[in-house]
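*Asks:* Take the sequence shown: its letters are residues 71 to 196, numbered as in our numbering. Note that the Cβ used here is the ideal one computed from N, Cα and C, for glycine as well.
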Amino acid sequence: MSGAFGKCFDPNGTRFGVPTYPWRYAPDGLATRRQLRARGLRPGGQPIAAQVLRPRYRRGPLVAYLYRVDRAKPVRPMTARKWAALAKANAARRRCPECDRDAGYVIPTSLGTCVTCAYPEEQRAA
71 MSGAFGKCFD
81 PNGTRFGVPT
91 YPWRYAPDGL
101 ATRRQLRARG
111 LRPGGQPIAA
121 QVLRPRYRRG
131 PLVAYLYRVD
141 RAKPVRPMTA
151 RKWAALAKAN
161 AARRRCPECD
171 RDAGYVIPTS
181 LGTCVTCAYP
191 EEQRAA
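1. Can you tell me where the alpha helix (DSSP H) with Ala108 in it begins and where it stops?
2. Using the C-alpha atoms, what's the distance from Asn160 back to Val185?
3. Are the region 106–116 and the region 134–151 touching by the rule of at least three beta carbon pairs closer than 8 Å?
4. Can you have a look at Cys78 and say buried or exposed, based on whether 16 or more other CB atoms are within 10 angstroms of its CB?
5. Just confirm the distance between the C-beta atoms of Gly83 and Asp140, as a whole number of angstroms; I'd bet it's less than 8 Å.
6. Checking 8 Å against the spacing of the C-beta atoms, do Ala119 and Arg94 come in under that value?
7. Once you ignore the five residues that flank Phe86 on each side, which residues in its own chain have a CB closer than 6 Å to its CB?
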């Protein structure tokens, strides 16, 4: 067993407190949040069942928490009010605070305004 593999293999959970597996070696029946979401599921309040570690050079390992698929619940559907709230939030991200127009795109937080307001001299030249 290689050194990196051995450091990440703890199926009993004695070293890390939770069963730990190397990257891509998790047993069937366990999935990450993203994998559950791709199946139309969510953890549903269940505790973490295991974790997957991926060692990295000169840094701490990457950790992915695993949940049991058989205890996962279906994703709650979006209601009309949730859709409306999401549309309102996205509209606010598109409105420029300086000229108060809809920019047609999400305004970058690095600029804080639309491109036209951030670089007015370049817009005049064009």
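*Replies:* Based on what the coordinates show:
1. Working through the sequence shown from its first residue, we reach residue 108 at position 38. Its alpha helix (DSSP H) spans residues Arg103 to Ala108.
2. Taking the first residue of the sequence shown as 1, we reach residue 185 at position 115. Taking the first residue of the sequence shown as 1, we reach residue 160 at position 90. If you take the alpha carbons of Val185 and Asn160, they lie about 18 Å apart.
3. Short answer: they touch.
4. Here residue 78 refers to the residue found at position 8 when the sequence shown is read from its first residue. When all chains shown are included, Cys78 counts as buried.
5. Within the sequence shown, the letter at position 13 stands for residue 83. Within the sequence shown, the letter at position 70 stands for residue 140. That belief does not hold up - the Cβ atoms of Gly83 and Asp140 are roughly 19 Å apart, past 8 Å.
6. Residue mapping note: residue 119 aligns to position 49 of the sequence shown, counting from 1. Residue mapping note: residue 94 aligns to position 24 of the sequence shown, counting from 1. Not a contact, by the Cβ cut-off of 8 Å.
7. On the sequence shown, residue 86 is found 16 positions in, with the first residue counted as 1. Taken in chain order, the residues that qualify are Asp80.
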